[in-house]
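Enquirer: If you count by my numbering, then the sequence shown holds residues 193 to 379, one letter each, in order.
Note that CB positions come from ideal geometry on N, CA and C, so glycine has one too.
Note that the structure is predicted; figures quoted are calculated from it, not measured.
Here it is, the structure in full.
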Amino acid sequence: ESFVEKKVVSAEAEQYFKESMKVYEKILDMGKKNPKFLPPDMAIQIKMQMAKTHRQNQNFKEALDLFKDILKTKNLLLPVQVEVCLTYQDWAAKINREEKDKTKALLYYRNAMIGAEPDKDNPDKLKKEKNIFWGWGEIARMTASNAKFAEQFHEARVNLSTSRYQIALLTKDVTEQAKHFEQVRSD
193 ESFVEKKVVS AEAEQYFKES MKVYEKILDM GKKNPKFLPP DMAIQIKMQM AKTHRQNQNF
253 KEALDLFKDI LKTKNLLLPV QVEVCLTYQD WAAKINREEK DKTKALLYYR NAMIGAEPDK
313 DNPDKLKKEK NIFWGWGEIA RMTASNAKFA EQFHEARVNL STSRYQIALL TKDVTEQAKH
373 FEQVRSD
């Protein structure tokens, strides 16, 4: 699912995706009007599916907006945090492939590594300004000491190294590039 190379969806499939998004939106709207209609956990699952569909269709900003909406209410949802990182990596890979200016690709690989979106509105002083999106580094740190999350820990470590490697390849300064490659080796 990660590092989508090209949009290879037919026009017909694209139309079905658009229709499904409208249905999802309608369900979410009905749930807002009538809380008994849609349990909160089901609303999260619908938003998650919408965001993943946006990512697969390379609508990265829309995907991240939905992930942010989910995480503002439930920040500890590990599968959502993982999807955010994959979205940043996919977006960076697309920019790297298709655009001459690689600045945003570097930024998005960095966001995949260290997170993004400081929470400026959080009333909890300990969480204020902490990133809503954790990044692979924080995912690895949060899962390292729990065997139940061994798979997510290793996924985070591999992807942290992958993002760092991509940053090294995009770095023009030879000294900086060498530093990045050394960090990859130590990952």
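Beta-carbon separation of A243 and A255 under 8 Å?
Expert: yes
Enquirer: According to DSSP, is I323 helix, strand or coil?
Expert: Just to set this straight, residue 323 is Asn in the shown sequence, not Ile. It is a strand residue.
Enquirer: As a quick exercise: from E309, H246, I324, pick the residue whose alpha carbon is nearest that of N267.
Expert: I324
Enquirer: Grab me the residues of L263's own chain with a C-beta within less than 8 Å of its C-beta, minus the 5 sequence neighbours each way, in chain order.
Expert: Same-chain partners within the cutoff: L269, V272, Q273, V276, I324, F325.
Enquirer: Please classify R247 as buried or exposed, where buried requires at least 16 other C-beta atoms within 10 Å of its C-beta.
Expert: buried
Enquirer: Quick check: what's the CA-CA separation for D365 versus P310?
Expert: 29 Å
Enquirer: What do you reckon, are the CB atoms on G359 and L318 nearer than 8 Å?
Expert: What sits at residue 359 in the sequence shown is Ile, not Gly. No.
Enquirer: Considering only the alpha carbon of each residue, which of R333, E330, A308 lies closest to E321?
Expert: A308
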